[in-house]
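Undergrad: Residue numbers (the UniProt record's numbering): 1 to 249.
The structure is given below, and queries will be raised subsequently.
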Ligand code: ADP
Ligand code: MG
């Protein structure tokens with residue numbers, strides 16, 4: 001096959017290990033995510049999902065193994081982690097907005113102060129992103145006046161403002177009241193449709209099945225099963241996957 005027809009690998013992880021205080025948490029993770037793919041990562045509490053995302057965003061330093069972003073192996077010793085973090089956006093369960101800044105200021109803060117973007121340009125871009133997440137009319141509001149679903153959509157806009165190559169989501173709807181989950185999932189669906197490469201840790205199994213191209217099941221620090229989402233949900237092969245899905249569905 002000609003190389004320019006090959007889908008581009010956005011993330012490749014090989015044999016990733018991570019322990020805390022001598023206790024192994026990630027025990028040899030291998031995964032690849034192609035450009036434009038939406039991947040859901042599912043698994044029980046404590047199985048290592050957040051640790052894996054945090055390693056991919058370099059919030060945690062791996063013990064060993066390889067992490068490649070767009071074909072480039074990343075080593076904290078040779079790369080500027082701050083620069084890298086711009087390439088990998090992250091959205092957390094708790095939104096972590098700056099409470100004393102307006103919605104628009106939350107979105108423009110990093111482009112202006114980290115990327116050195118012109119303020120006017122950052123604001124124009126920020127307003128576009130707020131419109132994209134359905135919050136055009138909230139630019140001047142403070143986070144405390146917004147619902148949890150609205151705050152999470154601001155957090156998504158804020159991450160997008162850095163123009164990341166990949167977006168990581170760690171249980172983005174777990175802290176929300178049930179009636180607010182849908183608006184955040186819809187925003188993520190829209191991003192997926194636009195071709196954003198995404199890895200999403202979620203307990204929203206319908207979202208995983210319907211929206212994710214692939215689902216990976218992590219069990220005790222190992223990805224024990226992965227495949228096209230519909231296949232994995234309809235026909236899990238491994239015992240831990242079967243047991244987990246039986247419990248949760
Ligand atoms: P999950 O997101 O799947 O619930 P985590 O990645 O948060 O799992 O945690 C996996 C394991 O690693 C848990 O046993 C957790 O207590 C442990 N762990 C996570 N972060 C730390 C840390 N910073 N220090 C010590 N132990 C941690
Ligand atoms: Mg977690």
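All C-beta atoms in this analysis are idealised placements derived from N, C-alpha and C, irrespective of residue type, glycine included.
1. Hey, quick one: how far does the beta strand (DSSP E) through residue 30 stretch, first residue to last?
2. At 3 residues or longer, and completely inside the stretch 140–172: list those beta strand (DSSP E) runs for me, N to C.
3. For a test of your reading of the model: does the CB of residue 275 fall under 7 Å from any non-hydrogen atom of the ligand MG? Yes or no.
4. Helix or strand or just coil, what does DSSP make of residue 78?
5. Can you pull every residue whose C-beta falls closer than 5 Å to some heavy atom of the ligand ADP, listed in chain order?
6. Give the range of the beta strand (DSSP E) segment to which residue 50 is assigned.
7. Residue 68 to residue 128, Cα distance in whole Å?
8. For residue 20, name the three-state secondary structure that DSSP assigns.
9. Need the endpoints of the beta strand (DSSP E) that residue 66 sits in, please.
10. Cα-Cα, which of 158, 149, 164 is closest to residue 175?
11. Here's the rule: buried if 16 or more other CB atoms are within 10 angstroms of the residue's CB, otherwise exposed. What is residue 8?
12. List, from N- to C-terminal side, the beta strand (DSSP E) runs of 3 residues or more that fit wholly inside the stretch 202–245.
13. What three-state label does DSSP hand residue 188 in the structure shown?
14. By Cβ distance, which residues of its chain are closer than 8 Å to residue 242, with the 5 residues on each side in sequence left out?
15. State buried or exposed for residue 229, treating a residue as buried only when at least 16 other CB atoms are found within 10 Å of its CB.
16. For the alpha helix (DSSP H) containing residue 41, name the first residue and the last one.
17. Once DSSP output is grouped into helix, strand and coil, what is the label at residue 108?
TA: From the atom records:
1. 23–34
2. The stretch 140–172 contains these whole beta strand (DSSP E) runs: 166–170.
3. With the chain covering 1 to 249 only, the question about residue 275 has no answer from this structure.
4. coil
5. 20, 25, 45, 46, 47, 48, 49, 50, 51
6. Unbroken run through residue 50 is the alpha helix (DSSP H), 49–56; no beta strand (DSSP E).
7. Taken atom to atom, the span from the alpha-carbon of residue 68 to that of residue 128 is near 31 Å.
8. strand
9. 64–69
10. 149
11. exposed
12. The stretch 202–245 contains these whole beta strand (DSSP E) runs: 214–219, 222–228.
13. helix
14. 236
15. buried
16. Premise fails: residue 41 lies in the beta strand (DSSP E), 38–42, not in any alpha helix (DSSP H).
17. helix
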